[in-house]
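Peer 1: Here the protein sequences come in this chain order: A and B. Under this note's numbering, the first residue of the first sequence is numbered 783, with each subsequent residue one higher. Under this note's numbering, the first residue of the second sequence is numbered 783, with each subsequent residue one higher.
Number of protein chains: 2
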Amino acid sequence: MERRAENNQCPTAHKAPPAPYYAVIFSSTLSDNAEGYGAMAARMVELAREQEGFIDVESAARTSEGFGITVSYWRDLESIKKWKAQSEHAAAQKMGRDAFYRSYRLRIARVERECGFEQRGE
Amino acid sequence: MERRAENNQCPTAHKAPPAPYYAVIFSSTLSDNAEGYGAMAARMVELAREQEGFIDVESAARTSEGFGITVSYWRDLESIKKWKAQSEHAAAQKMGRDAFYRSYRLRIARVERECGFEQRGE
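1. Return helix, strand or coil for residue 854 (chain A), following the three-state DSSP convention.
2. Can you look up residue 820 (chain B) in the DSSP assignment and give me helix, strand or coil?
3. Span of the alpha helix (DSSP H) holding residue 891 (chain A)?
4. Starting from residue 840 (chain A), trace the alpha helix (DSSP H) in both directions and tell me its first and last residue.
5. Does residue 879 (chain B) come out as helix, strand or coil in the three-state DSSP assignment?
6. So, for residue 888 (chain B): in the same chain, excluding its five sequence neighbours on each side, which residues have a beta-carbon less than 6 Å away from its beta-carbon?
7. Could you name the residues of the same chain whose beta carbon sits closer than 8 Å to that of residue 893 (chain A), not counting the 5 residues immediately before and after it, in chain order?
8. Please list, in chain order, all residues of the same chain as residue 874 (chain A) whose beta carbon is under 7 Å from its beta carbon, the five residues on each side excluded.
9. Among all the DSSP beta bridges, which residues are the ones paired with residue 846 (chain A)?
10. How would you call residue 824 (chain A), buried or exposed, if buried means at least 16 neighbouring beta carbons within 10 angstroms?
11. At 7 Å on the CB atoms, spell out the chain A contacts of residue 899 (chain B), in chain order.
12. Just how far apart, CA to CA, sit residue 901 (chain B) and residue 891 (chain A)?
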């Protein structure tokens, strides 16, 4: 099986992405009783995709301790600010603090370098 | 149950963290046959913790499709560069490409704003 690196020779060098953009890194731990969280989270992903400046979103699964990471990618800080203030999203944020999250940490970071790898063929 | 926001009033405002630092956002999908990956990943976390400039690492669980996210945090780009070049880590990167990953994307991002939330008491 032959494999290759692509998108900026990940194994050997990092290069800047085509344009700078931002990542919102959201790490959270759910409360023991978080019924309804899944539906709300799915709705927020759907809604985020409709926002101006949205690029992509990635979510991993939760650990057995309820810890999960979602990273969304945005064109600029202004898009992130608008998404934070979007009314349905603002209500969901409050619901998250009132009912779903034991804790969370949110980081806004400017993506400066990026590379990727994909198996060839298969 | 009373809850509170802490660390920079997450619900209302974002502030810069105490000092700028960097996140390495590593999103990956494992191949169907990735035996031995777990042990290697655990060893890399252990090794990363020993490196100069290491701040923290967070990993969520893999989805049923084998997709996972690990974010590590570093003091500066120099620390990240040294970690990438660390010999045992370099061998693990090659092993990852040769045997474990179907695909991955690695982004290096400068954390500019941060906030957190924790349930009060309980």
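Beta carbons: idealized from backbone N, C-alpha and C, even for Gly.
Peer 2: Working from what's here:
1. strand
2. helix
3. Here residue 891 (chain A) belongs to no alpha helix (DSSP H); instead the beta strand (DSSP E) covers 883-901.
4. Not the alpha helix (DSSP H): residue 840 (chain A) falls in the beta strand (DSSP E), residues 836-841.
5. helix
6. 808
7. 799, 802, 803, 804, 805, 855
8. 822, 826
9. Partner(s): none; residue 846 (chain A) has no beta bridge.
10. Label assigned to residue 824 (chain A): exposed.
11. Under the 7 Å cutoff, chain A gives 879, 883, 885, 886.
12. 25 Å
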